[in-house]
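First comes the structure, then the notes that go with it.
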Amino acid sequence: MAINRRQFLIGAGGLAAAASTIGLSACAPGAPSGSSGGGASGGGTNLALAWWGNPTRNKNTEAEIQAFQKANPNITIAGQPGEFGSYWDKLATQTAGGQAPDIIQMDMAYISEYGNRGALLDLAKYGADTSKFVEGTVDSGKINGQLVGVNAGINSAVIVANPKIFEKAKMDMPDDKTWTWDQLSEVAAEVASKAGVPFGVEGNLFGADPMFGAYLRQNGKELFTEKDVGFEPADAQAWFDLMMKFQKAKAIGTPQQISEEGSTGGGKPIDQSAIVLGKAALQYYNSNQLEALNAASGESFKLLRAPSLAGKATERKAWYKASMLWSASAKTKNPEAAVAWINWFANTKEAADIDKAERGIPPNAELQEYITPKLSPAQQEVAKFIADIKPELANTPIAPPPGGGKLADILFRYETDVLFGKTSTAEAAQKFVDEVKSNLQV
Amino acid sequence: MSAISELSTVHRVKAKTPEEKRLRAKEAARDNKAGYLFLLPWLIGLALIVAGPLIASLYLSFTNYSLIQAPQWIGLENYARMLDDPRLHQSLKVTFIYVIVGVPLQLIVALAIAMLLNEGMKGLAFYRSVFYLPSMLGASVAIALIWRQMFESDGLVNQVLRLFGIPATTSWIADPKYALWTIILLHIWTFGSPMVIFLAGLRQIPGMYYEAASVDGASHWAQFRKITLPLLSPIIFFNLVLQIINAFQAFTQAFVVSNGTGGPSDSTLFYTLYLYQRGFGQFQMGYAAAMAWLLVVIIAAFTAINFFLSKYWVFYGD
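Protein chains in written order, with the working numbering: chain A, 398 to 839; chain B, 689 to 1006.
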């Protein structure tokens, strides 16, 4: 017995006060009149645009909306800024109520959650233009062959290094083109003991899904396949065993210290992170966070590649990650206008002038070249890094299937279980795979 | 309402003939109508804000509902899945420890402070407010954040311990052995509202009982056991029931102290926090609704047991 949303909402009785029922049914598919976000009024087109961010991004986005409206006088955009944590709760409830914003800033972890359930617009159908995008940057937004998200900026998972701590330890910076996972452990243990810091490399390295993903890819596996987990318990056990090796070598700090720093999703904000406070020589981050890290610490951190198994960066199977994507609601009344915003953001110098590399390096090759000289020193370093790793790229990993977006939280939880000796690496690996599988909704 | 019912009582006494009875019934009906009319704002609120969502969530608990797609009826599957969900069992364990340890300790502290304040010291109003303050703040995000920092490895607690020469480096919130206890401590610290109720209860006990007991040579401890406890037992019972119901629903502290993860290692995975993770984090609103109904059943069972046991220890005599 399946009930559609409209019947359900009316049937739910309490929620269906006369006024709101009219409002909700107006948003149901095929309803003739305009919805809250997308209706036509005053002869122009109104769009709602939701994003999460930080103060810089909020300012940029407001300026971008102004510039876009100037170029497209018949489109008006109402911004809905938010915080990453609460953004997804809000988006889920808005979508459930048929009130999703027309334009949605999307994350890789959630794109198939929405895309696979038909909540996102096929952007290619309405003329989304990704013709100038660098290879490998378009695929991340494809779900079931439909383009439901356009890459808003390129990222790569990196290990950020604090050169001051290496100086203090009287050590050279490691050669990230040749280092292996074992060498990372040795370097981290040495720098931690010589410089007297708790973390050689901060321990969430092993709770970070891009790092685990890199390790898996080098072993010929993936985090996810289209409908399943892409690795075996044995692979996860190897990862946990590697972590215990790091821990015994005193490269990643004590279990308590690792637990206190927290996971990627539940961890400390950038300005209190271990590397910013001088407690870690190395720490996992995404490349676009370098500027924020430098700003918070007053230092000039360096970007290092993730290690490889073979000791050759060209075999490390790197990939360009979309720091975020632009999506549109499948229920928008104005798909053309929504796509017009996305095209404007992705392909015009005007947009790049405002956004610079705050959302990541532009995937559009021409814009990359155009904007690089205008970037801050930190952003220029990021742009150079992104360009440098091009020969090291392999295929782009697919987005996690629905229910797979919480992998990092689960991984970190089992990491702490193992570190605190609550379970063996073999048992943790089995439970970890079981739990990720049972969460998938495919 | 009470004025209206008093009026009816007066009529009832007077009504003797059938004529009067009919008249009385008519008036009563009119009174009832007026009563319901005055109740209407509350009734509408109850129907729209409480009953409607309540029924909806019961329905959702039998569905697979991702928030994005329409709910699909799956019968009892959500409830069946609960039986072998290890995290659900962990969250029950955490919540039961919190309730069974936290609530009695909090009530003991509340009663002790209330008895101190009842001694009739100077500036009572001031102290009462000061002690009440934590329960206004305890469930707030700000206090939970401060709590988190106090119990970190370089937090206030360890700094104070170091002043006394103890080389404390333990991160109390980051170790699965201790994290839950810091939250239980936070719960105990918010003893204000049961304290105020205890204080009011203590004021009701006539002083002459104590005077008589003193004359008979009863010790303070005997007075407490034989006079204070029995006469205060209805108040203790009230506080116990209320605090148990509240404690089962604890959310904010756990959410903030663990940054929403229930960590470290699920050691602070409160039931409501796990419910929230399932509903909003994993888009399994059907399962979350089923969890909510299990919580209703658990709380109802605890309350029923409380009322049953109250026969054996609560003293309502005059």
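All residues carry an ideal CB built from backbone N, CA and C; glycine is no exception.
Nothing here was measured: the structure is a model prediction, and the numbers come from that model.
Beta-carbon proximity list for residue i, same chain, < 7 Å, skipping 5 on both sides
i              : result
S660 (chain A) : N601, G604, A805, D806, F809
L799 (chain B) : F886
Q911 (chain B) : Y898, A901
P759 (chain A) : G550, A749, Q765, I768
W761 (chain B) : F750, T751
N731 (chain A) : G435, T442, L444, D499
D504 (chain A) : M721
A506 (chain A) : P797, G802
Contacts of residue i in chain A (Cβ-Cβ under 9 Å)
i              : result
E765 (chain B) : Chain A residues near E765 (chain B): none, gap ~13 Å exceeds 9 Å.
Boundaries of the beta strand (DSSP E) in which residue i is found, first to last residue
i              : result
P478 (chain A) : 472 to 479
W448 (chain A) : 441 to 449
M503 (chain A) : 500 to 503
G597 (chain A) : 596 to 598
Where the alpha helix (DSSP H) through residue i begins and ends
i               : result
I556 (chain A)  : I556 (chain A) -> not in any alpha helix (DSSP H); beta strand (DSSP E) instead, spanning 554 to 558.
F829 (chain A)  : 822 to 836
V584 (chain A)  : 578 to 592
M568 (chain A)  : From DSSP, M568 (chain A) is part of no alpha helix (DSSP H); its letter is neither H nor E.
E763 (chain A)  : 762 to 768
M809 (chain B)  : No alpha helix (DSSP H) holds M809 (chain B); DSSP gives it neither H nor E.
Y1004 (chain B) : Here Y1004 (chain B) belongs to no alpha helix (DSSP H), and DSSP marks it neither H nor E.
W741 (chain A)  : 732 to 744
S656 (chain A)  : 652 to 658
W835 (chain B)  : 829 to 838
L520 (chain A)  : Here L520 (chain A) belongs to no alpha helix (DSSP H), and DSSP marks it neither H nor E.
Y753 (chain B)  : Y753 (chain B) -> no alpha helix (DSSP H), and no H or E assigned at all.
N720 (chain B)  : 706 to 733
N846 (chain B)  : 844 to 851
A768 (chain B)  : 765 to 771
P788 (chain A)  : That residue, P788 (chain A), is in no alpha helix (DSSP H); it is neither H nor E in DSSP.
G610 (chain A)  : 606 to 615
K574 (chain A)  : Here K574 (chain A) belongs to no alpha helix (DSSP H), and DSSP marks it neither H nor E.
Q634 (chain A)  : 630 to 645
Under 8 Å from the C-beta of residue i: neighbouring residues of chain B
i              : result
D519 (chain A) : Going along chain B, no residue has its Cβ under 8 Å from D519 (chain A), so there is no contact; the nearest lies around 16 Å.
Cβ neighbours of residue i in the same chain (closer than 8 Å, five flanking residues each side left out)
i              : result
T711 (chain A) : P788, E789
E619 (chain A) : G610, L613, G627, F628, P794, I795
R775 (chain B) : D954, L957, Y962
S745 (chain B) : A977, A980, W981
N744 (chain A) : D526, K529, N761, L764
G524 (chain A) : E733, V736, N740
Contact list for residue i against chain A, beta-carbon separation under 7 Å
i              : result
Q970 (chain B) : G800, K803, N836
D954 (chain B) : R810
Close beta carbons around residue i, own chain, < 6 Å, minus the five adjacent residues each side
i              : result
A566 (chain A) : V588, K591, A592
P799 (chain A) : S509, E510, N513, Q838
G843 (chain B) : Q837
T870 (chain B) : F839, W860, I861
V815 (chain A) : F637, T822, A825
P571 (chain A) : V584
P864 (chain B) : P952, S953, S955
P426 (chain A) : With a pLDDT of 36 at P426 (chain A), under the threshold of 50, the modelled position of this residue cannot be trusted; read the value that follows with caution. Nothing meets the Cβ criterion.
K728 (chain A) : none
Chain A residues whose Cβ lies nearer than 8 Å to that of residue i
i              : result
P729 (chain B) : Chain A residues near P729 (chain B): none, gap ~14 Å exceeds 8 Å.
G951 (chain B) : S656, G659, S660, G663, F809, R810, T813
S841 (chain B) : Q653, Q654, E657
Partner residues on chain B for residue i, Cβ-Cβ distance less than 7 Å
i              : result
E510 (chain A) : F971
A516 (chain A) : I756
D806 (chain A) : T949
Proximity test, residue i beta-carbon vs the ligand GTP heavy atom, cut-off 6 Å
i              : result
W835 (chain B) : Questions concerning the ligand GTP fall outside what the structure shown contains, since it holds no ligand whatsoever.
If we require 3 or more residues per run, which beta strand (DSSP E) segments fall completely within the stretch 670 to 727 of chain A? 677 to 683, 699 to 701, 718 to 725
List in chain order: all unbroken alpha helix (DSSP H) runs of 4+ residues lying wholly within the stretch 924 to 979 of chain B. 940 to 945, 959 to 964
Minimum length 3: unbroken beta strand (DSSP E) runs contained in the stretch 873 to 907 of chain B: none
Closer than 7 Å, Cβ to Cβ, to anything on chain B: give me those residues from the stretch 810 to 825 of chain A, in chain order. R810, T813, D814, F817, K819
In the stretch 472 to 492 of chain A, which residues sit with their C-beta less than 9 Å from some C-beta in chain B, listed in chain order? G482, W485, D486, A489, T490, T492
Report the residues of the stretch 851 to 864 of chain B with a CB closer than 8 Å to any CB of chain A, ordered along the chain. T858, S859, I861, A862, D863, P864
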